[in-house]
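Beneath this line is the structure, given in structure tokens, with notes to follow.
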Amino acid sequence: MRVGFSFSPGGLLLPYHVGVLDGLKSRGYLDDTVPIAGASAGAIAVASAACQIDSKLLLEDALDISDTCRGLGSARGNLLPLLRQKLEHHIDEDRFRAFVERPGKTVVSHHEVFPTFGPVHQTEFAHQNELVDSVCHSSMFPFFSSHWPVALDYAASRKTTVILGSKPFSFEIPRLVVDGFFCRSGGSLWVSRF
């Protein structure tokens, strides 16, 4: 039997998740061969750990985002853009390579609303922007981290053509995604998929 660790959603749990990851590492229960999974705050924690981003830096970023939101007057609608900015800054080619070369699977979960409806447990990422997108999708809590009910994922959009009158009209249909909280799959599903 293979054991892995999954980290739940809940933005306020991010410092707790970071501490648990550090504790598991220091006690020898977690190394690069152990599978890890997360949704929302859990996705931020496991993606950062797999990219070998120092936990102190991650916590400093969380405090910086909090201070910035306070200065803007609210976290509502500001969290997701600030998170994306921090992730894009820290996940460079070297950190992404560390993520991809990690022997244990790292799972980032979010919920797809359209074109299908259900949880997405992503384990493969072609480039660093796809990883950043996936963590942001997992952290897209409707009307809080964003002003919108869903995130539009144009990177995975589908081109569709319809005939209007006698003329073809082509357009892209983006995937619609929301926070990993809505996966409602629990850790047992993640662990069983390793």
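Residues in the sequence shown are numbered consecutively from 1, following this note's numbering.
C-beta atoms are modelled at their ideal positions from N, C-alpha and C, and glycine is treated no differently.
Asked: Go to Ala41, then tell me how far its alpha helix (DSSP H) extends in each direction, as first and last residue.; Found: Ala41 to Ala50
Asked: Taking contact to mean 3 or more Cβ pairs, one atom from each stretch, closer than 8 Å, check whether the region 64-72 and the region 24-43 are in contact.; Found: no
Asked: If you count every other CB in all the chains shown that lies within 10 Å of the CB of Val162, and 16 or more means buried, which is it?; Found: exposed
Asked: Mind checking who Glu172 pairs with in its DSSP beta bridge?; Found: Lys159
Asked: Going by other Cβ atoms of all chains shown within 10 Å of its Cβ, with 16 needed for buried, is Asp179 buried or exposed?; Found: buried
Asked: Among the candidates Ala126, Phe141 and Val120, whose CA atom is the shortest distance from the CA of Arg97?; Found: Ala126
Asked: For the alpha helix (DSSP H) containing Pro119, list its first residue and its last residue.; Found: Note, Pro119: premise wrong, no alpha helix (DSSP H); beta strand (DSSP E) at Gly118 to Gln122.
Asked: What number of angstroms, rounded off, separates the C-alpha of Gln122 from the C-alpha of Val108?; Found: 5 Å
Asked: For Asp153 and Val177, I'd like the C-alpha separation in whole angstroms.; Found: 7 Å
Asked: Measuring CB to CB, does His137 end up less than 8 Å from Ala151?; Found: yes
Asked: Counting C-beta neighbours from all protein chains within 10 Å, is the total for Ser112 16 or more, i.e. buried, or is it exposed?; Found: Reading off the sequence shown, one finds Glu at residue 112, where the question assumed Ser. Its Cβ being crowded by 16 or more others within 10 Å, Glu112 is buried.
Asked: Using a 10 Å radius around the Cβ and a threshold of 16 neighbouring Cβ atoms, would you call Gly19 buried or exposed?; Found: exposed
Asked: Does DSSP put Ala98 in a helix, a strand or coil?; Found: helix
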